[in-house]
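Under my numbering, the letters of the sequence shown match residues 229 to 514, in that order. Every residue gets a Cβ at the ideal spot worked out from N, C-alpha and C, and that includes glycine. What you are looking at is a predicted structure, and each value in this text was computed from that prediction instead of being measured. To start, the structure under review is shown below, and the notes come after it.
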Amino acid sequence: MRRENPLTYVALCLYSGIILFPLLWLTYTSFKNTQEIFQSAWSLPARPQWENFRNAWTGVAGEPGLGPYFGNSLFLTLVSVTLILTFGAMATYALTRFQFRGAGALFNLFVSGMVFPIFLAVVPLFLLLNQTRIPYLAPKGFVNHYVGLVAVYVAYSLPFTVFVLSGFFRSLPNELAEAAAVDGAGRWQTFLRVMLPLAKPGLIVAGVFNFIGIWNEYPLALVLLTQRERYTLPLGLAQITQRQQYSADWGALFAALLIVMVPTMLVYLVFQRQISAGLTAGAVKG
């Protein structure tokens, strides 16, 4: 068994400390009042200020807190990730398992979307969604409409999802599909009951990364949502950041930052083993 160099462990410990210390500092600073934050920035709080989290969640002085924005982001993220994985899995399965003319070019076209800068599409997207009107659904256009924002999230996330899932679907043996066909399964049944469950590690990897990306997404939501009550969590946090600078309630600001970070950390902690296994499987089999 090969012994690792002790310097490797020292370097890893230093790197872990660099990564974890800001998170720990943010955590205990969120329990301080404004005076403690400026007078003793590195010390622990003398008495935990739990009202910081209440002020961050419900707001103060008639100003809204993170509560409504949290619900908006949770709804948009869950709906978007569900649609991304659904369409991404179907598209990847068709592009990687079926032989037809133009499959390779179509796959490359999907993947090329990963290199397209999002800032180049902001203005065209705004104009397109503002001018697209559907009676009863969006008579005034899809700006300030969650359907429009979800559609943009799905379209922008599909290239990455297809790229991640392609290695998993390509690694599945053809004998499984042939055996399912012998048993009388059609293409949909083979996809849903045989291939899709075997690609679960890839779905988890794509789902987690898409969840984190959409949860923290800011520029598209900033342009496509102009009504305050429809703001997502990053937009709401930006509003609170500007407001707390003038009201001098820095404890509530740090509490708000911690609240925003908790869901992504929980998602990663819950699925960290599946992510490691999925990335390893994709590297070995893809």
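Relative to tyrosine 256, the option among Asn358, Gln502, Gln455 and Trp478 whose CA is nearest is Trp478. Excluding residues up to 5 positions away in sequence, Thr305, Val309 and Val495 lie with their Cβ nearer than 7 angstroms to the Cβ of phenylalanine 439 in the same chain.
Pairing tyrosine 321 with leucine 461 gives a Cβ-Cβ distance that is not under 8 angstroms. The C-beta distance from phenylalanine 370 to leucine 357 rounds to 4 angstroms, short enough to meet the 8 angstroms contact threshold. Looking at the backbone, the Cα of asparagine 402 and that of leucine 311 are separated by about 27 angstroms. Two segments are said to touch when three or more pairs of C-beta atoms, one from each, lie closer than 8 angstroms; by this definition the segment 415-427 touches the segment 388-406. The alpha helix (DSSP H) runs lying completely inside the segment 265-345 and spanning 4 residues or more are 279-286, 295-325 and 331-340, given in chain order. Counting other Cβ atoms within 10 Å of its Cβ, phenylalanine 397 reaches 16 or more and is therefore classed as buried. Buried is the label assigned to tyrosine 384, since at least 16 other Cβ atoms lie within 10 Å of its Cβ. Straight across, the Cα-Cα distance linking alanine 413 with phenylalanine 419 is about 9 angstroms. Counting along the chain, serine 385 sits inside the alpha helix (DSSP H) bounded by residues 374-399. No residue range can be given for tyrosine 364, since it is assigned to no alpha helix (DSSP H) and is classified by DSSP as neither H nor E.
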